[in-house]
Structures are given as C-alpha cells and as structure tokens.
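All remarks here apply to the structure that follows.
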Amino acid sequence: MGRILATGAAAAAAGVAAKKVYDTKKKKDEIQKEAVEEAVMKRRDYTGRTAHFIGGGLASLAGAAYLIRDCKFPGSQITVYEGMHILGGSNDGIGTPEGGFVCRGGRMLNEETYENFWELFRTIPSLTQPNRSVTEEILNFDHAHPTCAKARLVDRDGNILDVRSMGFTQAERMRILKLLRTDEKELDDVTIQEWFKDMPHFFTTNFWHMWQTTFAFQTWSSVFEFRRYMNRMIFEFSRIETLEGVTRSPLNQYDSVIRPIEEFLRKEGVVFKENCTVEDIDFAEGDDITVTRLHLNHNGETETVELGAEDLCFMINACMTDSATLGDLHTPAPVPQKKPISGELWSKIAAKKPGRLGNPEPFFTKENESNWLSFTVTCRGDKILKKIEAFTGNIPGSGALMTFKDSGWKMSSVVAAQPHFPNQPSDVTIFWGYGLYTDREGDYVKKAMKDCTGEEMLLEYLHQLHIPEEEIAGLMETVINVIPCYMPYIDAQFQPRKMSDRPPVVPEGSTNFAMISQFVEIPEDMVFTEEYSVRAARIAVYTLMGVNKKICPVTPYNKMPKILLKAVKKAYL
Ligand SMILES: Cc1cc2nc3c(=O)[nH]c(=O)nc-3n(C[C@H](O)[C@H](O)[C@H](O)COP(=O)(O)OP(=O)(O)OC[C@H]3O[C@@H](n4cnc5c(N)ncnc54)[C@H](O)[C@@H]3O)c2cc1C
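Sequential numbering from 210 applies to the sequence shown in this note's numbering.
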C-alpha cells in the first residue's frame, strides 16, 4: 500500500512538473509570437491612411489605443467624433461642490471577468501614481478597500434581511438549470418573466431581488442576457449577498478610467472632435460594406469627411445613456422629446444594408420598458452618510449596494469611498441611488419616480431608511443638491430581442467598417459592462487590421468544477 501511495505521489509530482514545463514553453511561444507580430506591425506603412471613431465612449477610446499600441498606427491619423461636449460617454462624472456632483451611473468592475479591460489598462499610465498603470491603481485601491455588503436587502419595515440563502424552491433550481442547458438559438424574444412564467415565487426570492438590482434586470428583460450573466457571473453567484467580487475604482469612472486613456491618446496625437454628431454614413455601391463618407454636424455646421478604401471606420452603434436628461433639487429630470441620436444613425445605416448591420428596433422603441432613473446626492458634511453607515454597518466604499426590496420604485443606493471626485472637498460628501420602476408611486412620496424632484427622491430614500421624522428636516438642511437623471434607454441592451438583432462586430463583407458597443454580438460575453465595449473594440481592430495576437477569451468559470460546486451549494443553502 505504502509503495502504491509513493508511486502515485511520484507520478503526480511528475505530472505537475510536466505541466509547469508545458506552461513555461507555451508562455515563451506566446511572447515570441507577440515579438514577431510587433516587428511585423512596425514595418507596416500607414502613409495616407486614416481611422475614424464615431462616438467618444470607452469603446472608441479603447479601439484607438489598440490601433496605436498593437498596430503602431499613428495617433495623429485617428479622429474621434463625439456628439456631446465631453468624452467618456456613459462613463461620466462631473460637478462642483457648490452646484452638486452627478454621475449618471456608477460602475462595479470585476477582477475575474473583465479580462481585456484589465489587460488594456495595464498599458495605460495612471494620472495620479507615477510608474503605475490604471489597472494597478484600481486594483491596489480595491484591495485596500474591500467590499462586503452588510445590508444588501432591506424590507418595508426597515429590517436588514439575512440573505445568505437564495430562497429557491427545487422547481426553480431545476428551471435555472434547464435555462443553462438550453441552446441560445431557442431563446429568441423570450423574456425572464416568460421563462419563469408559472413560478411567481421566483420573483420574490432573495436571489431575484439581488440579481435584479445588482445588474439592473427587469422581469421583461431578455432571458438571453439573464442566461449569459448566470454563466459569466457564476463566480459571483456564490457571494452575491456580500458583493465581495465587486471591484471599485478610486474615483468615479470618468476620472479613474476615461481621463487617463484620453490623456494617453492625446499625447499620441489623436484628434478629438467634440460637439460633433455623425448624422449619416455613405457606403460604396455593391455587396461589400465599405464606408466612403461621413456626414457630420459639428457645432451646428454640416461637414463631410471622405474615406478611401484603406481608411477605417469604427462606430459605437448605440448608447445606453442616449438622450439622458438631468433635473435638480427642485426640478424633475424631463422626459426627452427627441429621438435617440445613436439609435437614429444605426437605423439609417441598417436600412442601407438590409439584414447585415443588425436591427435597432427592439432596443430603441419601448422607452417605457427601457428607462430608469438615478440620482446623485451632494451634502455639506457627512450627517446623511453617517446615518447610512449606522444603519448598514458599512463605512463608505465598503458596502456596494443596498436595496429596499419592497419599495415602490425598487430603490437602491451606493455609497462610494469619499472623495469620489477630484475636486470634492473633505467637508462635502456624495452618494448615488437609483430606482428601477419609474412609473410607480413611492411609499412615502405618492408620485411616480419620473415626476419627482431631487428633493422628493431623497425624502423617499430617508423614509425608506426609517429615519425618524423629527430628524429629517435637519438632514435635509445639509443638502447642496440632488440631481435626478432620467435615462430613457439605459436598459435597452437588455430588451427582448432575436439573436440576429445584434450585428457582429465586423459585419460579413466589411472591408473597413466595424461596430463596437453594447449592441453587437459577442458570443458568451455579457452586456452592460466595461469589458464588453473593450472586447468589441479589440475584436474590431484585430480583425480589420489582421493582427495575429490573442484576444483574452471569456474565462470559462462555468466549466470549472470548484466554482460549480460552490454555486450548487449556494443554490441549495
Ligand atoms: C447607470 C449605469 C450603470 C452602469 N453600471 C455598470 C457596472 O456596474 N459595471 C460595468 O462594467 N458597466 C456599467 N455600466 C455600463 C458602462 O458604463 C458601459 O457599458 C460603457 O460605458 C459603454 O461604453 P461605450 O463606449 O460602448 O458606449 P457609451 O459610453 O454609451 O458611449 C457612446 C458615446 O457615443 C456618442 N455617440 C453615439 N452616437 C453618436 C453619433 N452618431 N455621433 C457622435 N457621437 C455619438 C454618445 O454621445 C456617447 O458619448 C453602467 C452604465 C450606466 C449608465
């Protein structure tokens, strides 16, 4: 017996050693291949060639960075056109201590699943820490400020719920399993509600309340996306009640993510045209997809840009914060009257190449389903934050998300580590909240969230926290501003759809055109993430430029026995 054990151990050790040798060799091969590729790129002649990015969001900035970093394309031959006065798109964050700060959204990053995001930002210098990359800066900050939510769900009586159990019935577990085993081809147009249609209890489980509000699903969202999240976020499923997997940036993502990459690109000579909307795109006659001209509206003047066959065009074909509006303490955020700019351009070009550039219709026609509202609170001093801290047991930056699960608006809040803005003084504090059901009445403020001022949103919030009435006026006196933000298409990428509605990143027959956004099809990956835009940009650049380098694959956590075992245990708790 002893000998058998000894022989077994020796064999195992030999196996480990062999794998090490194999891994080292693989790594060496990869490095060698990359060096060869680098040399090939350096020899390429880009004289006279130009690259054009429509939209100044993360996808375009990442695309420009890949062109420069991996293709050695000259920055000065790249132009980014942005309809707004500022770059960054949905990754926004702006304000003053006097007028109040606003982020339309707050991003929870993820160390495990944002493979290309971390890889790209490893080569983008931090603006605040010399000799460090953005990736190092964010991960160092996050590791020093770990997340562990102590008040993830709160009920109507103000009780913090024990949410370690997901609360599933056996039938619900089996239905989720069935979904994971169902081929996506069978899920065209199916909503989450329809998949669980005979199971109303599912929508009352701890799991649903947490999963819904962590990722912003609605019951009417596409089951495609729900399924992708279950697969891709399986790692997070077993710790969803504490959100320990959430990675936080030191400041809001405009300052922590966008500004460093913008700075990098500016130094490389990239040209940025703000207040410049691309209103139409012309394609060459024939079956191929070759962009020949862009029609711009730049500061109110119309312009055209001609593209030759060797030039490149990358388009953010839709934007989740398109047409978003802001209110203030005394004014609700208005419902916009104009059509979405990005959706309009996508519709125009899709009609020019029927069936080849996707179909924007399911995403941009049901504003009543795709909208929700956020609000950013700015205060003098930290009286309100101290109340939240006393209630949750989480110091700012450690709690991720708290949801009032029974609230009419399905309201949640996030208190980031302070300061959250570079120009935020130490005696000013901010936090962010949102509601998913904007047509419903609040429990204290008897109005639809959509019709509420910032002040009313905060009042509803303080009542959900069960702050005694006599303390509320004193807390409200500390408020500088509450800025509500109405986002008509924020959930557009989750709307029910057919598989064919999202175009591939590089459409068939394209010679110089790619689409890079949350509205393109990338098998296995999940939308409403920074990673999706970066991955799309990398696929686009590598495909059109013929780059022979690896794109970080989607990590198959859903096939790893240890992670699966943890998930099963969690589902049965
Ligand atoms: C409330 C909220 C919460 C979020 N939470 C998370 C999260 O927790 N984790 C996470 O990873 N991600 C999150 N995101 C998503 C993340 O911010 C986006 O996925 C990402 O920013 C998308 O980048 P993009 O470049 O593809 O598009 P966008 O950032 O939307 O940029 C598109 C840009 O293109 C411009 N544009 C569009 N059409 C035209 C045109 N025709 N001409 C000129 N300009 C045009 C728009 O003005 C816009 O600036 C959240 C977003 C929001 C709003």
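Each residue gets a CB set at the ideal place from its N, CA and C atoms; glycine is no exception.
Check                                                                                                                                                                                                  : Outcome
Give the C-beta separation of Arg278 and Ser299 to the nearest angstrom, bearing in mind that I take them to be a contact with Cβ-Cβ under 8 angstroms.                                                : 23 angstroms between Cβ atoms; not a contact.
Glu381 and Phe411 look like a contact to me (Cβ under 8 angstroms); what is the Cβ gap, rounded to whole Å?                                                                                            : 5 angstroms
What's the gap between the Cα of Gly617 and the Cα of Gly644?                                                                                                                                          : 9 angstroms
Leaving out five residues on either side along the sequence, give the residues of the same chain with a beta carbon under 8 angstroms from the beta carbon of Leu668.                                  : Tyr653, Val654, Ile681 and Met685
Taking 7 angstroms as the line, does the beta carbon of Leu516 fall inside it for any heavy atom of ligand 1?                                                                                          : no
Classify Gln546: buried if its beta carbon has 16 or more other beta carbons within 10 angstroms, exposed otherwise.                                                                                   : exposed
Return the bridge partner residues of Ala260 from the DSSP annotation.                                                                                                                                 : Ile287 and Leu521
Starting from the Cα of Val500, find the closest Cα among Met658, Ile263 and Ile748 and give me that residue.                                                                                          : Ile263
Give the straight-line distance between the Cα atoms of Leu753 and Thr332, rounded to the nearest whole angstrom.                                                                                      : 22 angstroms
Look at the alpha carbon of Thr305 and the alpha carbon of Asp464, and state the distance between them as a whole number of angstroms.                                                                 : 14 angstroms
Could you give the first and the last residue of the continuous alpha helix (DSSP H) run that contains Tyr275?                                                                                         : Leu267 to Cys280
Confirm the yes/no value for this check: CB of Arg373, any heavy atom of ligand 1, distance under 7 angstroms.                                                                                         : no
Suppose you measure from the CA of Ser556 to the CA of Leu674; what does that come to, to the nearest Å?                                                                                               : 44 angstroms
Compute the minimum distance between the beta carbon of Cys528 and the heavy atoms of ligand 1, and state whether it is under 7 angstroms.                                                             : yes
Would the beta-carbon of Gln727 be found less than 7 angstroms away from any heavy atom of ligand 1?                                                                                                   : yes
Let me check you understand the geometry: is the CB of Asn300 closer than 7 angstroms to at least one non-hydrogen atom of ligand 1?                                                                   : yes
May I ask you to check if the CB of Arg437 is nearer than 7 angstroms to at least one heavy atom of ligand 1?                                                                                          : no
Go through the region 331-394 residue by residue and report every complete run of the beta strand (DSSP E) that reaches 3 residues or more, in order.                                                  : none
Buried or exposed for Lys659, please, with buried defined as at least 16 other CB atoms from any protein chain shown within 10 angstroms of its CB.                                                    : buried
Shortest alpha-carbon distance to His539 belongs to which of Thr587, Pro693 and Ala533?                                                                                                                : Pro693
Quick check: the region 282-291 against the region 481-494, are there 3 or more CB pairs under 8 angstroms?                                                                                            : yes
Suppose contacts are defined by Cβ-Cβ distances below 8 angstroms. Is Val743 in contact with Phe424 by that definition?                                                                                : no
Under 8 angstroms between the Cβ atoms of Ile498 and Phe640?                                                                                                                                           : no
Starting from Asp489, follow its DSSP beta bridges and name the residues at the other end.                                                                                                             : His504
Starting from the C-beta of Gly297, find all residues in its chain whose C-beta is less than 6 angstroms away, skip the five residues before and the five after it, and write them out in chain order. : Tyr463 and Ile467
What residue does the beta strand (DSSP E) around Leu582 start on, and which one ends it?                                                                                                              : Trp581 to Arg589
With DSSP as the reference, identify every bridge partner of Asp191, one or two as the case may be.                                                                                                    : A question about residue 191 goes unanswered here, because the residues of the chain that appear run from 210 up to 782.
Taking 7 angstroms as the line, does the beta carbon of Glu434 fall inside it for any heavy atom of ligand 1?                                                                                          : no
Within 10 angstroms of its Cβ, does Met708 collect 16 or more other Cβ (buried), or is it exposed?                                                                                                     : exposed
Using a threshold of 7 angstroms, is the CB atom of Thr738 nearer than that to any non-hydrogen atom of ligand 1?                                                                                      : yes
Could you check whether Thr511 and Leu582 sit closer than 8 angstroms to each other, using their CB atoms as the reference points?                                                                     : no
For Ile240, count neighbouring Cβ atoms within 10 angstroms of its own Cβ and tell me buried if that reaches 16, exposed if not.                                                                       : exposed
Can you tell me the Cα-Cα spacing of Leu389 and Asp591, whole angstroms?                                                                                                                               : 45 angstroms
Taking DSSP as the reference, what is the three-state secondary structure of Gly211?                                                                                                                   : Residue confidence is low: Gly211 scores 42 on pLDDT, short of 50, so the model does not pin down where it sits. No coordinate-derived value is stated.
Taking Cβ positions, are Asn415 and Gly376 nearer each other than 8 angstroms?                                                                                                                         : yes
Determine which residues share a DSSP beta bridge with Met658 and list them.                                                                                                                           : For Met658, which the question treats as bridged, DSSP gives no partner whatsoever.
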